[in-house]
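Report on the structure given below.
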Amino acid sequence: MKIITFNNNAGGVGKTTWTFNTAFYAAAEGKRVLVMGTDPSCNLTNRMIGYFARITNQNKEDLLQQIQFENTVEAVFKNVSFAPITITDKIDFLAETKTLYDLKHIKEASLLHWWWDNEEYLMSNYDLILIDTHNDDRVFTKAAYAVSDVVSVLVDKTDKTFDKVSDLREMLEKIKDDNRDRNGTFVTAKIVIIGNDLDNNSAGKAMKLRLEKLQRQYPEDFIGYIEHRESVVKAENAFMPLIEYKNKERLSASLERFYRETKKVIQKLIA
Numbered sequence: 001m002k003i004i005t006f007n008n009n010a011g012g013v014g015k016t017t018w019t020f021n022t023a024f025y026a027a028a029e030g031k032r033v034l035v036m037g038t039d040p041s042c043n044l045t046n047r048m049i050g051y052f053a054r055i056t057n058q059n060k061e062d063l064l065q066q067i068q069f070e071n072t073v074e075a076v077f078k079n080v081s082f083a084p085i086t087i088t089d090k091i092d093f094l095a096e097t098k099t100l101y102d103l104k105h106i107k108e109a110s111l112l113h114w115w116w117d118n119e120e121y122l123m124s125n126y127d128l129i130l131i132d133t134h135n136d137d138r139v140f141t142k143a144a145y146a147v148s149d150v151v152s153v154l155v156d157k158t159d160k161t162f163d164k165v166s167d168l169r170e171m172l173e174k175i176k177d178d179n180r181d182r183n184g185t186f187v188t189a190k191i192v193i194i195g196n197d198l199d200n201n202s203a204g205k206a207m208k209l210r211l212e213k214l215q216r217q218y219p220e221d222f223i224g225y226i227e228h229r230e231s232v233v234k235a236e237n238a239f240m241p242l243i244e245y246k247n248k249e250r251l252s253a254s255l256e257r258f259y260r261e262t263k264k265v266i267q268k269l270i271a
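Letter by letter, the sequence shown follows residues 1 to 271 of UniProt numbering.
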């Protein structure tokens, strides 16, 4: 069992995109995946339910209206009975809510307590849990850090997203310090970095060089980078994971390499 959170305090870096796509890459390798999100914008919910609506020929808005409290991450934070939505035979989903941040008395250890209370069920039903987060440092995001094995920080070609990494490391260390007993911290997460949406213009190339330098210095901290491709946006608009969208494309050698290298990055992350 592995728990992975996707985060960066900067918005628009691809957290939701790669939470969604990682789930389907993992499922294709036979892993049983539970996906959830803590972002009140509900972008992941829209995408997951949009996918399910497409493959079952149903109306997405009708399906969104049918989501019950027990199908949501709010039930998890309240540590009451929860019932994931079945998306495929390998992927289950706990929906985001717009009201999550209205909850009171939430602690950084809230998801840890949920894990401890449901460990037998989660271990027997899933190989991987993926958590999408909002771009903030609120307690809901910190709770996702606390329960995770890995926090995947996505960095695009802008310096501000790379510069956030040190802030997130400090936040993780503070979470570890705040959640311990005399035997040590309960939090075991580590931060890894993935470059995302890196093109071949000057800024994209500069960030690739910066990440390659990081890889040489800290090989365990850097997973790899994903190139900029219009295929990513087109797949999103069609409510398709990339692993499915690939089959609809006319693959050039360059595009084939993109899919191959992207798969390698995801495989390294979920290994």
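In this text, a Cβ means the ideal position worked out from N, Cα and C, and glycines have one as well.
On a predicted model such as this, the values are computed, not experimentally measured, just so you know.
Express the C-alpha separation of residue j and residue i in angstroms, rounding to a whole number.
i           : j      : result
Val192      : Thr5   : 10 Å
Leu214      : Glu108 : 30 Å
His228      : Asn196 : 7 Å
Leu255      : Asn247 : 12 Å
Asp163      : Thr56  : 42 Å
Thr97       : Leu34  : 17 Å
Tyr121      : Ala189 : 21 Å
Asp62       : Gly50  : 11 Å
Asp102      : Gly184 : 31 Å
Ser252      : Phe24  : 23 Å
Ala143      : Leu112 : 8 Å
Met240      : Arg182 : 47 Å
Asp132      : Ile3   : 11 Å
Gly11       : Gln58  : 31 Å
Tyr218      : Ala53  : 42 Å
Asp127      : Ala235 : 25 Å
residue 352 : Ala238 : Nothing can be reported for residue 352: it is not among the residues displayed for the chain, which extend from 1 to 271.
Glu244      : Phe93  : 19 Å
Ala83       : Ile67  : 10 Å
Ala95       : Ile85  : 8 Å
Glu220      : Gln65  : 43 Å
Provide the residue span of the beta strand (DSSP E) that contains residue i, from first to last.
i      : result
Gly204 : Counting along the chain, Gly204 falls outside any beta strand (DSSP E), though it belongs to the alpha helix (DSSP H) covering 202-217.
Lys174 : Element bounds for Lys174: not the beta strand (DSSP E) but the alpha helix (DSSP H), 159-178.
Asn7   : 2-7
Quick test of your reading: residue i and residue j, contact by CB under 8 Å. State the CB separation rounded to the nearest angstrom.
i      : j      : result
Val232 : Asn7   : No, Val232 and Asn7 are not in contact; Cβ-Cβ is about 19 Å, not under 8 Å.
Met48  : Val76  : Between Val76 and Met48 the Cβ distance is about 16 Å, and since that is not below 8 Å, they are no contact.
Val147 : Ile194 : Rounded, the Cβ-Cβ distance is 20 Å, inconsistent with contact.
Asn9   : Asp136 : 7 Å
Trp18  : Leu154 : 7 Å
Leu100 : Thr22  : Wrong, their Cβ atoms sit about 22 Å apart, outside the cutoff.
Leu209 : Phe222 : Not confirmed; about 13 Å, so no contact.
Where does residue i sit, in a helix, a strand or coil, going by DSSP?
i           : result
Leu63       : helix
Leu130      : strand
Ile106      : coil
residue 284 : Because the chain in this structure spans residues 1 to 271, residue 284 falls outside the shown range and cannot be described.
Ser41       : coil
Ile87       : coil
Asn135      : coil
Val80       : coil
Met240      : coil
Glu230      : helix
Asn46       : helix
Asn21       : helix
Asn247      : helix
Can you tell me which residues form a DSSP beta bridge with residue i?
i           : result
Thr72       : Ala95
Tyr121      : DSSP, once it has assigned bridges, lists no residue as partnering Tyr121.
Thr185      : Arg180
residue 272 : Absent from the structure is residue 272, since the part of the chain shown begins at 1 and ends at 271.
Leu34       : Asp92, Ile129
Leu198      : Glu227
Output the boundary residues of the alpha helix (DSSP H) element that contains residue i.
i           : result
Gly14       : Element bounds for Gly14: n/a, residue is neither H nor E.
residue 275 : Residue 275 cannot be examined here, being either before or after the span of the chain that is shown, 1 to 271.
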